[in-house]
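Engineer: Each residue of the sequence shown is one higher than the one before, starting from 1 at the first, in UniProt numbering. Structure in structure tokens, see below.
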Amino acid sequence: MTPSFPSSLSPSRANDFQSCPLKFRLRSIDRIPEEPSAAALRGNLIHTALERLFDLPARERNIESTKELFRQAWLELAATDAPGIRALLTDAKLPSEPANAAQFADAMIAKVEPLLSTYFALEDPSRLAPHAREMAVAVEIAEGFSIRGFIDRVDKTSSGLIRIVDYKSGKAPRTGFESSAMFQMRFYALAWWRLTDEIPAMLQVLYLGSNEALRYEPVEQDLLNTELKILGIRAQIQQAVVAGFSPKPSRLCGWCSYQQLCPQYGGVTPEPPPTHMWESTSFEKLNLGEA
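Take a look at the structure:
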């Protein structure tokens, strides 16, 4: 393995390694498939609807239009027979036969309507003109190493101030547990700063599941500390390449897709793929709610 591995990291993959190095390896290096959860798929559909909402004239950005955009996104997903549709139908207490998924659009809309309505309680999209949506960012922060990700929305005021916005379909973390969300937002702010030489004025996370907004005004030292943390995570990954990607038991294990491959659960971890394949199969955007 060359010393440059990994050549890039996203917030999700960095969080994976911090929560469990073995999960990071199985997901990002081995690329062992996972079936997306109902919550992740539903979140992706909501993201799609909110992204497309700003394609409409300002006066048409209302709850009814958003429900219709969700319907379109659901029908597109149903037409693909994508993995996870069965779980999404079951979660909505619908017949879990993917072949009939399209006919359940109204039921799916009813399931998410409270979340879509909450969005309109948190902000008025008719007053916004996003600078960018679902923006892919990638920038080198050390020789041979980049940070990358997808920003849900970038707003720019008339005076040129930047706000980075992220949508979450779940509930806001309890007080004192916001670090993961803020790490993701500082990650994006760092990428924006390194790309544009401008520190965003505001970072904002909208939690549709609890009608809450988390806002933070970053300063330069925040982003320098975030950069050091990311480089530290990369160094730990490089150490794990030699020492091995060990499991890290926690309360999150109960939701892990890889229990059958984890020695903590009596599973047998497969040998990793040849090292020359690692970069070619790693760090792409996964359809697991990373956006």
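Just so you know, even glycine gets a beta-carbon here, dropped at the ideal spot from N, CA and C.
1. Count the other CB atoms within 10 Å of the CB of Leu224; is the residue buried (16 or more) or exposed (fewer)?
2. Can you give the Cα-Cα distance for Gln238 and Ser19, rounded to whole angstroms?
3. When the Cα atoms are used, what is the spatial distance from Thr275 to Glu35?
4. Taking only three categories from DSSP, how would you classify Ala142?
5. Please report the straight-line C-alpha distance between Ile141 and Arg13, rounded to a whole angstrom.
6. Near Pro249, what residues of its chain come up, given a Cβ to Cβ distance below 7 Å and the 5 sequence neighbours on each side ignored?
7. Measure the alpha-carbon distance for Leu53 versus Ala102 and round it to whole angstroms.
8. Looking at the strands, I want to know which residues DSSP matches up with Asp155.
9. Can the beta-carbon of Glu123 be found closer than 8 Å to that of Asp152?
10. Out of curiosity, what's the CA-to-CA distance linking Ser246 and Glu143?
11. Would you mind reading off the limits of the alpha helix (DSSP H) that contains Glu64?
12. Can you give the Cα-Cα distance for Leu195 and Leu9, rounded to whole angstroms?
13. With Arg71 and Ile46 assumed to form a contact (beta carbons below 8 Å), what rounded beta-carbon distance in angstroms separates them?
14. I think Pro273 touches Ile32, with their Cβ atoms under 8 Å apart; what is that distance to the nearest whole Å?
15. Do Ser169 and Leu208 come within 8 Å of each other at the CB atom, strictly closer than that value?
16. Taking the C-alpha atoms as reference points, what is the distance between Val205 and Lys93?
17. Identify whether Tyr216 lies in helix, strand or coil by the three-state DSSP scheme.
18. Keeping to the same chain, check which residues put their C-beta closer than 6 Å to that of Ala138; ignore five residues upstream and five downstream.
19. What's the C-alpha gap between Tyr258 and Leu161?
20. Among all the DSSP beta bridges, which residues are the ones paired with Met202?
Structural biologist: With the given structure in hand:
1. exposed
2. 16 Å
3. Their Cα atoms are separated by approximately 25 Å.
4. strand
5. 17 Å
6. Result list for Pro249: Gln264, in chain order.
7. 21 Å
8. Arg163
9. no
10. Straight across, the Cα-Cα distance linking Ser246 with Glu143 is about 27 Å.
11. Ile63 to Thr80
12. 16 Å
13. Wrong, their Cβ atoms sit about 12 Å apart, outside the cutoff.
14. 10 Å between Cβ atoms; not a contact.
15. Yes, the pair counts as a contact, with Cβ atoms nearer than the cut-off.
16. 29 Å
17. strand
18. Ser146 and Arg148
19. 43 Å
20. Bridge partners of Met202: Arg163.
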